[in-house]
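Quick notes on the structure that follows.
Chains as they are written, first to last, in the working numbering: chain A, 882 to 1137; chain B, 3 to 285.
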């Protein structure tokens, strides 16, 4: 009896129950079957998309786009963040402006980028880079601020050159923050990739796949797309958590 | 042999020349610190000036970046026609409903997970699945289910608020020092008094952190939904002017979107400061 109870109280119960109710509801027609696909149909469409290679192709297009944009944005954020860490004057001059620019809801940039750079790949990459830029910048900035004053004093006493201070004092202290920044940047970049594929009228990628499916009322493909997007986000999160030895839950609330 | 730390503290000693560093990382001197709020305005001022100069000398074509005067003109037109006010009001209403619903649900859910291990075990994987699927991935699904009416916007905004608030509430309550709870037991506080006097003040900073993220996310989520699926609201106004290539209007709306985001952030910071003073939050 207690085993049954502990089984029912486990975390698997709720998802299984939801899928079961969903399956029964589509089977008996409690839900509008013209709109709702059954769980089996979702699996079926996932299998088909895997077989004909369309899912892999879309995933590859999205991931490549994501990584390219992330690379650009994260390097820019890293460079500017280190500059602000090294030059107090630059920090004082730029920080309020950067903080204000951060408050603009990210996606409001899309119409501008599409006007300036066109609806093509440049606009998409610029948007993804912008999404990755701010978390990396802010976190390296935060980390560089947490460097112990006494460490800097020792560096000064030892007459270390600026690049040595950067490599031997600032970077090691700022590393945990930097890892958090990179992780958030990667997750934001993934979000921005999907957004860019919706908003920049993309023809490739998971986002384009989902928008097409929505227009055709293909609920099975939409749910499949949701699962893939969630899984990729989760995978990126786990990957960078492992690299940075961070707890998986830290910073999760920062990602919409 | 001089003690190293003493040496470091004393700075330059007579007769002992220490090479002055060309920089002092992230440590501003006193004078700089006092001038800080003023200095922050330099870059915006320079940018504005550069923008004005570039537009005036026709270095940048109007189709790329309209002149500040044109943007100001567009802004005043938006206000006199009432378009800005009506669409902003619609957007803010959606944020209010979505944020309210999401924050309440998040607080209740987070508190439930924090107070009951059984509940936490029961819902954790489901919660993880929901939270790992970003708002943007829910969007096409919910568009199919709910159409593109008000329900879609409110549900999406609520989702974007729910996750950070639930996580922060959970972390905040779980983070209350055990010793404080023991003290409350020794002082024979009732359940309500413990919650009010111990748990709430201790969890307050975390809770507010969650609400702050929540509001930022809410604004971002709303702008996305309005860009993609709406016939009114501030994001729609933006897309509409994009289709007409009215860049001046777009810049004006962009400034409004940024200002609202900044205002939200400031409001919650002030609210947090007030509550912390009032209830003696511990951080």
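Every residue gets a Cβ at the ideal spot worked out from N, C-alpha and C, and that includes glycine.
query: For a contact defined as C-beta to C-beta under 9 Å, what are the partners of residue 46 of chain B on chain A?; result: 977, 978, 981
query: According to DSSP, is residue 247 of chain B part of a helix, a strand, or is it coil?; result: coil
query: Within the 7 Å Cβ cut-off, does residue 1021 of chain A reach chain B?; result: no
query: Less than 7 Å between CB atoms is the rule here; does residue 950 of chain A satisfy it with respect to chain B?; result: no
query: Just reading off the alpha helix (DSSP H) that residue 997 of chain A is part of, what are its end residues?; result: 990-998
query: Note down, in chain order, every chain A residue with its Cβ under 8 Å from the Cβ of residue 230 of chain B.; result: 1079, 1080
query: For the stretch 983-1011 of chain A, list every residue whose C-beta sits within 9 Å of some C-beta in chain B, in sequence order.; result: 983, 984, 985, 986, 987, 988, 989, 990, 991, 992, 993, 995, 996, 997
query: Is residue 212 of chain B near residue 179 of chain B, with beta carbons less than 7 Å apart?; result: no
query: Is residue 217 of chain B near residue 266 of chain B, with beta carbons less than 7 Å apart?; result: yes
query: State yes or no: is the C-beta of residue 994 of chain A within less than 7 Å of the C-beta of residue 1013 of chain A?; result: no
query: Return helix, strand or coil for residue 947 of chain A, following the three-state DSSP convention.; result: helix
query: Does any residue of chain A bring its CB to less than 7 Å from the CB of residue 256 of chain B?; result: yes
query: Could you name the residues of chain A that residue 134 of chain B contacts, counting a contact when the two beta carbons are closer than 7 Å?; result: 1111, 1114, 1115
query: Pull up the distance between the alpha-carbon of residue 936 of chain A and that of residue 927 of chain A, whole angstroms please.; result: 8 Å
query: With DSSP run on the structure shown, which of helix, strand or coil describes residue 928 of chain A?; result: helix
query: Reducing DSSP to helix, strand and coil, say where residue 941 of chain A ends up.; result: helix
query: Taking 7 Å as the threshold (beta carbon to beta carbon), is residue 1057 of chain A in contact with chain B?; result: no
query: Which word fits residue 990 of chain A, buried or exposed, when buried means at least 16 other C-beta atoms lie within 10 angstroms of its C-beta?; result: buried
query: Taking Cβ-Cβ distances shorter than 8 Å, what residues in chain A pair up with residue 267 of chain B?; result: 984
query: Go through its chain and collect everything with a Cβ distance to residue 1103 of chain A's Cβ below 7 Å, but skip five positions before and after it.; result: 1091, 1094, 1095
query: Suppose you measure from the CA of residue 278 of chain B to the CA of residue 209 of chain B; what does that come to, to the nearest Å?; result: 11 Å
query: Quick one: using the 10 Å Cβ neighbour count with 16 as the cut-off for buried, is residue 1071 of chain A buried or exposed?; result: buried
query: Should residue 1076 of chain A be flagged as near chain B, meaning a C-beta pair shorter than 7 Å?; result: yes
query: Would you say residue 57 of chain B reaches chain A, if we count a Cβ-Cβ gap shorter than 7 Å as a contact?; result: no
query: Give me, in chain order, the residues of the same chain whose beta-carbon lies closer than 7 Å to that of residue 1009 of chain A; leave out the 5 immediate sequence neighbours on both sides.; result: 946, 947, 950, 951, 954, 1070, 1073, 1074, 1077
query: Taking 6 Å as the cut-off, does the CB of residue 1007 of chain A come closer than this to any heavy atom belonging to the ligand SAM?; result: This structure simply doesn't include the ligand SAM, nor any ligand for that matter.
query: Report the option in B:250, B:155, B:185 whose CA atom is closest to the CA atom of residue 94 of chain B.; result: B:155
query: Leaving out five residues on either side along the sequence, give the residues of the same chain with a beta carbon under 8 Å from the beta carbon of residue 915 of chain A.; result: 1098
query: Considering only the beta carbon of each residue, do residue 164 of chain B and residue 104 of chain B sit closer than 7 Å?; result: yes
query: Taking Cβ positions only, does residue 1024 of chain A come closer than 7 Å to chain B?; result: no
query: Within the 7 Å Cβ cut-off, does residue 1095 of chain A reach chain B?; result: yes
query: When we look at the beta-carbon of residue 907 of chain A and count the other beta-carbons within 10 Å, is it buried (16 or more) or exposed?; result: buried
query: Would residue 158 of chain B pass as a contact of residue 107 of chain B if the rule is Cβ separation under 7 Å?; result: no
query: I'd like to know whether the C-beta atoms of residue 981 of chain A and residue 1024 of chain A end up nearer to each other than 7 Å.; result: no
query: Three or more C-beta pairs under 8 Å: does that hold for the stretch 888-898 of chain A against the stretch 121-132 of chain B?; result: yes
query: Should the stretch 59-77 of chain B be called in touch with the stretch 126-143 of chain B, which here means at least 3 C-beta pairs below 8 Å?; result: no
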